[in-house]
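Okay, structure first, notes after.
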Amino acid sequence: MTAELASIIDFIRYGASRFSAAGLTFGHSHDNPIDEATHLVLASLHLPPDIPPAYGAGKLTAAERENVLALIERRVGERLPVAYLVGETWFAGLKFKSDRRALVPRSPIAELIESGFAPWLDERHVERALDLCTGSGCIGIAMAEYNPEWQVDIADISEEALSLARENIVFQHVEGRVEAIQSDLFAGVKDRRYDLIVSNPPYVTEDEYTALPGEYAHEPKLGLTSGVDGLDLCLRMLDEAAAHLTDDGLLIVEVGESEHALAALLPQVPFIWIEFKVGQMGIFALERRDLVEHAAVIHAVAAARRAA
Numbered sequence: 000m001t002a003e004l005a006s007i008i009d010f011i012r013y014g015a016s017r018f019s020a021a022g023l024t025f026g027h028s029h030d031n032p033i034d035e036a037t038h039l040v041l042a043s044l045h046l047p048p049d050i051p052p053a054y055g056a057g058k059l060t061a062a063e064r065e066n067v068l069a070l071i072e073r074r075v076g077e078r079l080p081v082a083y084l085v086g087e088t089w090f091a092g093l094k095f096k097s098d099r100r101a102l103v104p105r106s107p108i109a110e111l112i113e114s115g116f117a118p119w120l121d122e123r124h125v126e127r128a129l130d131l132c133t134g135s136g137c138i139g140i141a142m143a144e145y146n147p148e149w150q151v152d153i154a155d156i157s158e159e160a161l162s163l164a165r166e167n168i169v170f171q172h173v174e175g176r177v178e179a180i181q182s183d184l185f186a187g188v189k190d191r192r193y194d195l196i197v198s199n200p201p202y203v204t205e206d207e208y209t210a211l212p213g214e215y216a217h218e219p220k221l222g223l224t225s226g227v228d229g230l231d232l233c234l235r236m237l238d239e240a241a242a243h244l245t246d247d248g249l250l251i252v253e254v255g256e257s258e259h260a261l262a263a264l265l266p267q268v269p270f271i272w273i274e275f276k277v278g279q280m281g282i283f284a285l286e287r288r289d290l291v292e293h294a295a296v297i298h299a300v301a302a303a304r305r306a307a
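With the first letter of the sequence shown counted as 1, position 103 gets the number 102 in numbering that gives the first Met the number 0; the numbers rise by one all the way through.
Given below as structure tokens:
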């Protein structure tokens, strides 16, 4: 059957059909089988995602055919995310290296970066920014690419993730403006203060993790889970962030489906839930002054969590 396949479009169509028939889950940068197959085929051919449509008629060599078909079958048989199969993915319009050392880059925060964090930074001067729980480094590196005047630190507890992040720093040629730091939350940046802290920390609950499709089992659990309600790290972050923000500093954190649990735990805190093109996505903005004003209640909730 595959002997009839010849062009790039043929293989994208075939891959999409195989993925749909196999009932794969699409949650790693793509949400449908056609985009996923397009990523796999074009990346395996070392082609960018925005090639002109005319190139779709281009025919594959025998070696290329064999490689693409093998990758398609691995995606189906092993449930490996495409980014891990081809070693790369795209975030905020930029290409990043991707492998099992860190989660596949994906976050609505990409939309914020591309829009210049409007309106949140419209009247705010930023010199230093921190990407906390950076994983592959995609958020912090993208912030540096879009804002050449910023100095950006990217921090993670995992040395494996940081080794990938450092490769991405070199890959994106931002060595002079982005520093990778091994840190358990703020422990490794004790004396530094930032105008902007952005974080996409682990926030999957234990129950949610056990129910995740097979694709997620290939990613490091450390980058996914954060306690019974997904908020263990977020509460620590809220308790400690004010000491690392400048007076007019801003904290932006993704908590996904744990949004409702967080709002219920801290109803006094004026979280601003950011609206995206598709609606709310479980990402809040919080001013340093609000962290300071509600420090006592935040600390009490965080301390109770640590003691539990």
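Virtual Cβ for every residue (Gly too), placed ideally from N, Cα, C.
Item to check | Expected contact under 8 Å - CB spacing of A154 and I180 to nearest Å | outcome: The count along the sequence shown starts at 1 and reaches residue 154 at position 155. The count along the sequence shown starts at 1 and reaches residue 180 at position 181. With a contact defined as Cβ atoms closer than 8 Å, A154 and I180 qualify at about 5 Å.
Checklist entry - When DSSP labels each residue in this structure, what does S16 get in the three-state scheme? => result Position 17 of the sequence shown, counting from 1, holds the residue named residue 16. Of the three classes helix, strand and coil, the one that applies to S16 here is helix, per DSSP.
Next on the checklist: Measuring alpha carbon to alpha carbon, tell me which residue in V252, P266 and D34 is nearest D49.
Outcome noted: Your numbering for residue 49 matches position 50 in the sequence shown. For D49, the nearest C-alpha among the options comes from D34.
Checklist entry - Which residue comes first and which comes last in the beta strand (DSSP E) that contains D130? => result Residue numbering aside, residue 130 sits at position 131 when the sequence shown is read from its first letter. If you look at D130, you'll find it in the beta strand (DSSP E) that goes R127 to L131.
Checklist entry - Ordered along the chain, which non-local residues of its own chain (more than five positions away) have a Cβ less than 8 Å from that of L230? => result By one-based count along the sequence shown, residue 230 stands at place 231. Y202, V254, S257, A260, L261, L264 and R304, listed in sequence order.
Checklist entry - If we ignore side chains and look at the alpha-carbon of each, how far apart do Y54 and N31 end up? => result Locating residue 54 in the sequence shown gives position 55, where the first residue counts as 1. Locating residue 31 in the sequence shown gives position 32, where the first residue counts as 1. C-alpha separation (whole angstroms): 22 Å.
Item to check | Reduced DSSP category for I112 - H, G, I as helix; E, B as strand; rest coil | outcome: The count along the sequence shown starts at 1 and reaches residue 112 at position 113. Under the three-state reduction of DSSP, I112 is assigned to helix.
Next on the checklist: Going residue by residue through the segment 110-196, where are the continuous beta strand (DSSP E) segments of at least 3 residues, counting only ones entirely within it?
Outcome noted: Taken in chain order, the whole beta strand (DSSP E) runs of length 3 or more contained in the segment 110-196 are 127-131, 150-155 and 177-181.
Checklist entry - What's the call for P118, buried or exposed, on a 16-neighbour Cβ count within 10 Å? => result Counting from 1 along the sequence shown, the entry for residue 118 is found at position 119. With fewer than 16 Cβ atoms within 10 Å of its Cβ, P118 is classed as exposed.
Item to check | the segment 269-279 contacting the segment 103-112, beta-carbon criterion three pairs below 8 Å | outcome: They touch, by the three-pair rule.
Checklist entry - Pick from E286, L59 and V173: whose alpha carbon is nearest that of V268? => result Position 269 of the sequence shown, counted from the first residue, corresponds to residue 268. Nearest Cα to V268 within the set E286, L59 and V173: E286.
Item to check | the segment 187-201 contacting the segment 168-175, beta-carbon criterion three pairs below 8 Å | outcome: Output reads no: the segment 168-175 does not touch the segment 187-201.
Next on the checklist: If I measure Cβ to Cβ from I251 and keep anything under 6 Å in the same chain, skipping five residues before and after, which residues do I get?
Outcome noted: Here residue 251 corresponds to residue number 252 of the sequence shown, with the count starting at 1. So the qualifying residues of the chain are V197 and A284.
Checklist entry - Once you ignore the five residues that flank P80 on each side, which residues in its own chain have a CB closer than 7 Å to its CB? => result Within the sequence shown, residue 80 is the residue found at index 81, counting from 1. Close CB contacts of P80 within its chain, under the 7 Å cut and outside five residues either way in sequence, are with H27, V103, E214 and H217 (chain order).
Checklist entry - Is it right to say V67 is buried, meaning 16 or more other beta carbons lie within 10 angstroms of its own, or is it exposed? => result Within the sequence shown, numbered from 1, the residue matching residue 67 stands at position 68. By the beta-carbon neighbour count (other beta carbons within 10 angstroms, threshold 16), V67 is buried.
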